[in-house]
Amino acid sequence: MPSSKTLIRAGGVFNILAVLFHLGFWWFFGWEQELERMSAFNGEILVLLNLVLIVVFGFIAWVSLRFPEELVNTSLGRTILGFCVGLFAVRGVSGWIVPGIPTGVEIAVTAAILFALTAYGVPLSRRSEEEVTPTHAS
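This note's numbering numbers the first residue of the sequence shown as 35 and each following residue consecutively.
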């Protein structure tokens with residue numbers, strides 16, 4: 035099994051690809067025409083949520099590539115790993131609950147999500163290389 039740092043770096047690359055994929059939503063899904071079919075308010079919400087996800091994926095990629103050791107060995111880092119696992123678990127499950135997503139597309143997305151869950155879940159499940167001690171403000 036690859037080291038935790040290697041898995042986390044792979045997760046960082048995955049998140050760069052997620053950023054590029056979400057940037058391509060306009061072209062992949064014909065959003066210019068699709069957004070015209072919805073109310074302006076709902077269209078704006080959809081675009082804003084996609085932009086927020088791009089920022090979240092970008093942040094996760096940067097932290098994963100820049101600070102893999104800290105993600106493994108600090109309480110804050112392990113909290114971020116837990117956030118990543120939760121984020122991708124929710125996305126993985128929700129794709130099968132929301133109606134209308136083509137099954138073939140969702141199978142491919144689920145495979146990618148399983149990769150991300152492995153990249154962040156395995157390091158989270160391992161004992162850190164240093165003692166992880168939570169710090170509390172007094």
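The beta carbon of each residue, even a glycine, is placed where N, CA and C say it ideally should be.
In the DSSP assignment, find the unbroken alpha helix (DSSP H) run with ILE135 in it and report its ends.
-> Residue numbering aside, residue 135 sits at position 101 when the sequence shown is read from its first letter. No alpha helix (DSSP H) contains ILE135, which DSSP labels as neither H nor E.
Would a C-beta distance cut-off of 8 angstroms place PHE48 and ALA150 closer than the cut-off?
-> Locating residue 48 in the sequence shown gives position 14, where the first residue counts as 1. Locating residue 150 in the sequence shown gives position 116, where the first residue counts as 1. A contact, by the Cβ cut-off of 8 angstroms.
Do you know offhand how far GLY116's Cα is from GLU70's?
-> The residue labelled residue 116 in the question sits at position 82 within the sequence shown. The residue labelled residue 70 in the question sits at position 36 within the sequence shown. Spanning the two alpha carbons is a distance of roughly 38 angstroms.
Option nearest LEU87 by Cα separation, candidates VAL143, LEU121 and GLU68 | Translated into the one-based positions of the sequence shown, residue 87 becomes position 53. Taking only the C-alpha atoms, the option nearest LEU87 is LEU121.
Reduced DSSP secondary structure (H/G/I, E/B, other) of PRO36 | The count along the sequence shown starts at 1 and reaches residue 36 at position 2. If DSSP states are grouped into helix, strand and coil, PRO36 belongs with coil.
Nearest-angstrom beta carbon gap, LEU51 and VAL156 [assumed within contact, 8 angstroms] | Along the sequence shown, read from residue 1 onward, the residue named residue 156 stands at position 122. Along the sequence shown, read from residue 1 onward, the residue named residue 51 stands at position 17. Their Cβ separation, rounded to whole angstroms, is 19 angstroms, which puts VAL156 and LEU51 out of contact at 8 angstroms.
With 16 other CB atoms within 10 Å as the buried threshold, where does LEU132 fall?
-> In the sequence shown, residue 132 corresponds to position 98, counting from 1. A small correction: the amino acid at residue 132 is Val; Leu does not occupy that position in the sequence shown. Exposed.
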